[in-house]
Every structure is written in structure tokens, then in C-alpha cells.
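Participant: I have a structure here, written as C-alpha cells, and I will follow up with some questions on it.
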Amino acid sequence: MEEVKQILLREIDKLNSDEQRDNKPRFSFNFLKTHPGLWAIMYGCYALTVALIFTTEFLGWPAFWGATVFVLLMSGLMLMDINPKYRFEDIDNLDLRVCYNGEWYYVRTLSPEAIEDLLAARTVPDSVKNGIKSLLNRKGEVDFYDVFHLTWGGKKAAAV
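What follows is the structure in C-alpha cells.
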């Protein structure tokens, strides 16, 4: 069972390094490219707010500068992109990271090399190997959760 975990950990490390998943914020225009309407609406609302600020008597320059700083801060934050790391402990664990990462372990398939390593390993039980072969015949691929479920069943990944 330890060899299965090591193969999965190696595969997760490879995915993390290939996709630059390191939990570090990076400057990126992806959000602006994919959601230009949100940017237009945000700056449209800012213009309406500025108009409201200067047409009322009790608001003034402090409110203007506060709104301006807020819009600039939000613009900067929307240009930051963070790729969170995939972790073995997150397999079949529903917590806040699932909201951002999704249930990656259901969608990310194992590489052919990892599958070959699992099938060739001496310490991997035959039930796991037969399950992998069956999954390959039925759906043509094996994902992280498939191997995890075949190997450890209903246990939590953090306890393995």
C-alpha cells in the first residue's frame, strides 16, 4: 500500500510542477480576458459612485478617495492568479479548497507511466491491479480517486 501512495505522490508532484501549482500569487490578465464585462460594470459603477459623491452635499473628497482606492485595490486583486497545489490529503475530502480546486481527483487521470508502475509493482495487491485493468477496459482511463478507492476504500486520505 505504501508503494501505491508513493506513486500517487510522485504523480501529484509532477502535476504540480508541470502546471506551476505552488500557491504563489502571479500577475495575470486571464480574468480580464475571460470576464471583460465584469470590468466594464465595475468601472461603470465607480463612475456612478463618483457622480453620486459630488452631487450630494454630505459626501466629498474623502469619499471619492476611498472609492478610488477601493476600485484600484479590487482591480489589482482581480489581476492576481493563484494556482493551489494538489495534495494527496485532499483526495475525497470536501472542504474549502474544493470550492477553488474542484474535485480534481475525479477529473485528473493518471499518466500511462504511473499506471504501468502500479501494475508492475510487486507490493500492490492483485485486487487493485485487477480493478485498474477493469477500469481501463470500461472507461479507458484511471483517475486518482479510482486508485485511492481501490486501495484504501472508505478511509480518509489524511489517515493513510
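Numbering (my numbering), first residue to last: 20 to 179. All C-beta atoms, glycine included, are put in the ideal place defined by N, C-alpha and C.
Would you kindly report the start and end of the unbroken beta strand (DSSP E) that includes residue 101?
Facilitator: Translated into the one-based positions of the sequence shown, residue 101 becomes position 82. Counting along the chain, the beta strand (DSSP E) containing residue 101 begins and ends at 99-101.
Participant: Between 100, 58 and 143, which has its C-alpha nearest residue 49's C-alpha?
Facilitator: Walking along the sequence shown from the start, residue 49 turns up at place 30. Considering only alpha carbons, the answer is 100.
Participant: State the CB to CB distance for the pair residue 161 and residue 138, rounded to an integer number of angstroms; the pair is presumed to be in contact (CB under 8 Å).
Facilitator: Taking the first residue of the sequence shown as 1, we reach residue 161 at position 142. Taking the first residue of the sequence shown as 1, we reach residue 138 at position 119. That pair is no contact at about 10 Å.
Participant: Alpha carbon to alpha carbon, how far is residue 62 from residue 24? Give it in angstroms, no decimals.
Facilitator: Here the question's residue 24 lines up with position 5 in the sequence shown. Here the question's residue 62 lines up with position 43 in the sequence shown. Between residue 24 and residue 62, the C-alpha separation is close to 49 Å.
Participant: Rounding to the nearest angstrom, what Cα-Cα distance links residue 147 and residue 134 in this structure?
Facilitator: By one-based count along the sequence shown, residue 147 stands at place 128. By one-based count along the sequence shown, residue 134 stands at place 115. If I take the Cα positions, the gap works out to 11 Å.
Participant: In whole angstroms, what separates the C-alpha of residue 20 from that of residue 64?
Facilitator: On the sequence shown, position 1 is the one that residue 20 refers to. On the sequence shown, position 45 is the one that residue 64 refers to. Their backbone Cα atoms lie some 57 Å apart in a straight line.
Participant: Can the beta-carbon of residue 169 be found less than 7 Å from the beta-carbon of residue 105?
Facilitator: Residue numbering aside, residue 169 sits at position 150 when the sequence shown is read from its first letter. Residue numbering aside, residue 105 sits at position 86 when the sequence shown is read from its first letter. Contact flag unset, no.
Participant: In chain order, what residues of the same chain have a beta carbon less than 6 Å from the beta carbon of residue 167, not counting five sequence neighbours either side?
Facilitator: Walking along the sequence shown from the start, residue 167 turns up at place 148. Around residue 167: 110.
Participant: For the region 90-99 against the region 39-47, are there 3 or more C-beta pairs whose distance is under 8 Å?
Facilitator: Contact holds: three or more Cβ-Cβ distances are below 8 Å.
Participant: Alpha carbon to alpha carbon, how far is residue 85 from residue 76? Give it in angstroms, no decimals.
Facilitator: Here residue 76 refers to the residue found at position 57 when the sequence shown is read from its first residue. Here residue 85 refers to the residue found at position 66 when the sequence shown is read from its first residue. About 17 Å.
Participant: Quick check: the Cα distance between residue 39 and residue 132, rounded to an integer number of angstroms?
Facilitator: Your numbering for residue 39 matches position 20 in the sequence shown. Your numbering for residue 132 matches position 113 in the sequence shown. When rounded, the distance between both Cα atoms is 21 Å.
Participant: Give me, in chain order, the residues of the same chain whose beta-carbon lies closer than 7 Å to that of residue 58; leave out the 5 immediate sequence neighbours on both sides.
Facilitator: To locate residue 58, count along the sequence shown from 1; it is residue 39. So the list reads 51, once near-sequence residues are dropped.
Participant: Does the Cβ of residue 30 have 16 or more other Cβ atoms within 10 Å, making it buried, or fewer, making it exposed?
Facilitator: For this step, residue 30 is matched to residue 11 along the sequence shown. So residue 30 counts as buried.
Participant: Given this structure, state the Cα-to-Cα distance separating residue 153 from residue 144, to the nearest angstrom.
Facilitator: Within the sequence shown, numbered from 1, the residue matching residue 153 stands at position 134. Within the sequence shown, numbered from 1, the residue matching residue 144 stands at position 125. So the alpha carbons of these two residues sit roughly 14 Å apart.
Participant: Relative to the ligand ATP, is the shortest distance from any of its heavy atoms to the C-beta of residue 66 smaller than 6 Å?
Facilitator: This structure does not include the ligand ATP; it has no bound ligands of any sort.
Participant: Under 7 Å, do residue 72 and residue 83 count as touching if we go by C-beta distance?
Facilitator: Here the question's residue 72 lines up with position 53 in the sequence shown. Here the question's residue 83 lines up with position 64 in the sequence shown. It is a contact, given that the beta carbons lie within the stated cut-off.
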